[in-house]
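Residue numbers (the numbering used here): -19 to 511. We treat Cβ as the ideally placed atom computed from N, Cα and C, and that holds for glycine.
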Ligand code: F6P
């Protein structure tokens, strides 16, 4: 199955013309004046998530051209190939089937294996949650990248659903400053270590796992087999480490798509079997939407298409994520791996160099904290950075007043980005803190906002296991969409290999001081580190 790359299509050429004629100068404020029905037309309801796309720099014509682009690039056929288990990860000859992990029994590929591990993992999670029986109070997940970021993002996001007698800790960095303060607070008999690693060879995870085991025995811990479990595709290596309780998964689950597999064990322990099933069900609902909805109402596809529009036509280099929910504080970090490790590529599936840009930089912080840090740059900086607001209608706390303030802030930011403020407007306003020695016009220029800055707002009714599952799956499929249009393999990550290989070379040199053959900078730094 071969489809043209985006830049080889007629739609791409049409989009270029459309951008020059209407896109570059598109003004959101005028668009709302021209079309009072814009919000209704550009609101998309997907399972658990409503998206307001109306504050984006596009119109119906843009959406038509983008839909044509999707058709010409075979987006739907590519999606179907992924869902059917075709080996679309071509550089590793692997299928990409994280969607199979959330299919009900009998409805997905590899169903028997998937549900066998799921049942075992959920049953185990329930035994740990029985704190009277297990004696466990602390769960420490040791993993990195996809074996860390998913659970590390989801557990605090679902804090309201987490077992009150259990504390969760996430150790990832091969930096003793990560694990040391965690271990300081623990007692061996109350602690469960989960060693999470798809390969069970990752340097950071293995080093931390060994440090944890050494601490456990040094502190008088008795039963390694009871206090250490593993989530891995490499069951043999886990057994060699001394772990007898292992939950496996498969090479068709990519690291950054693995929180639905055994890598989700900390989540299952935190929110229980029913909660984990609800998380899977939410993702499954989004999978069905992605698989069935027409392109023009298919939210992951629309978001991916807008990403292409912004990256390749407007030339926007980054996207900021602003979750107005403190529980989602790790969502930007999670999305950085999901999107940038997937789509940060500069050759296509056939190894041909790309003549266009791919993954934007994804970054952000929860609102309102971000407002008091970098939002200045979003409003008045020289770059246009599309922002994605995530608002949650109903909190899981009773502090209604705070929640209303939070929501009002989120709405105000997207409104301010779009509306801006002219210097004429600023001139009419009083600015009590402004310098009295500056003339009014200069001051007004400092106090004006260009506006017309785009944003998308995603609305969730409440942050629950089900809605979070749907939200994450939405992001996964959006990343698939832009990657498919760019014609890249979104499912490998060769870009992390070179640094790993060089690290293996440098590690013994740090001990020996041998700098032979090194470049001048690395040799100089290594020497200084040894002084
Ligand atoms: O950073 C590269 C990477 O392979 C990620 O894709 C993966 O999530 C992470 O390392 C951890 O790998 P593992 O689960 O095999 O320890």
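Your pair residue 346 and residue 314 does not check out as a contact, with CB atoms roughly 13 Å apart and the cut at 8 Å.
Shortest gap from the CB of residue 236 to any heavy atom of ligand 1: under 7 Å. The Cβ-Cβ distance between residue 298 and residue 343 falls below 8 Å. Counting along the chain, the unbroken alpha helix (DSSP H) around residue 205 starts and ends at 204 to 207. Between the C-alpha atoms of residue 294 and residue 4 there is a straight-line separation of about 7 Å. As the crow flies, the alpha-carbon of residue 357 is around 46 Å from that of residue 167. Residue nearest to residue 441 within the set 482, 472, 374 is 374 (criterion: CA-CA distance). Closest in C-alpha terms to residue 301, from the list 288, 336, 350, comes 350. In this structure, the beta-carbon distance from residue 457 to residue 240 does not fall below 8 Å. Remark: C-beta atoms of residue 407 and residue 424 approach each other more closely than 8 Å.
Beta-bridge analysis with DSSP links residue 74 to 69. Across the set -11, 11, 480, -3, the C-alpha of 11 shows the shortest separation from the C-alpha of residue 433. Inside the segment 17 to 42, DSSP marks whole beta strand (DSSP E) runs of 3 or more residues at positions 23 to 26, 29 to 32, from first to last along the chain. In this structure, residue 125 has its CB closer than 7 Å to one or more heavy atoms of ligand 1. Put simply, the backbone Cα of residue 466 is about 14 Å away from that of residue 47. Distance from the CA atom of residue 63 to the CA atom of residue 498, rounded to whole angstroms, is 46 Å. By the neighbour-count criterion, in which 16 or more other beta carbons inside 10 Å mark a residue as buried, residue 148 falls on the buried side. With a threshold of 16 other beta carbon atoms within 10 Å, residue 488 falls short and is exposed. Taking the CA atoms as reference points, residue 58 sits about 13 Å from residue 459.
Proximity to residue 352 across 419, 38, 462, 389 peaks at 389, based on C-alpha coordinates.
Collapsing the DSSP output to three states places residue 178 in coil. Between ligand 1 and residue 177, a heavy atom-to-CB distance of less than 7 Å is present. Scanning the segment 291 to 379 from its first residue to its last, the whole beta strand (DSSP E) runs of 3-plus residues come out as 298 to 304, 341 to 344, 367 to 374.
Assigned with DSSP and collapsed to three states, residue 122 falls in strand. Secondary structure of residue 228 (DSSP, three-state): strand. Here residue 317 is buried, its C-beta having at least 16 other C-beta atoms within 10 Å. When beta bridges are read from the DSSP output, residue 147 appears opposite 118. When distances are taken from the beta-carbon of residue 473 to the heavy atoms of ligand 1, the shortest one is below 7 Å. Residue state for residue 256 is assigned as helix, using DSSP reduced to three classes. Taking each of 38, -3, -6 in turn and checking the Cα distance to residue 15, the smallest one comes out for 38. Distance from residue 329 to residue 452 at the Cβ level is roughly 25 Å; contact not present, criterion being Cβ atoms closer than 8 Å. Selection 247, 21, 124, 205 evaluated against residue 169 yields 205 as nearest (Cα-Cα). By the criterion of a C-beta distance shorter than 6 Å, residue 438 is surrounded in its chain by 29, 31, 370, once the five residues flanking it on both sides are discounted.
Bridge pairing for residue 438: 31, 370 [DSSP].
Residue nearest to residue 225 within the set 493, 174, 508 is 174 (criterion: CA-CA distance). Taking 7 Å as the cut-off, one finds no heavy atom of ligand 1 near enough to the beta carbon of residue 226.
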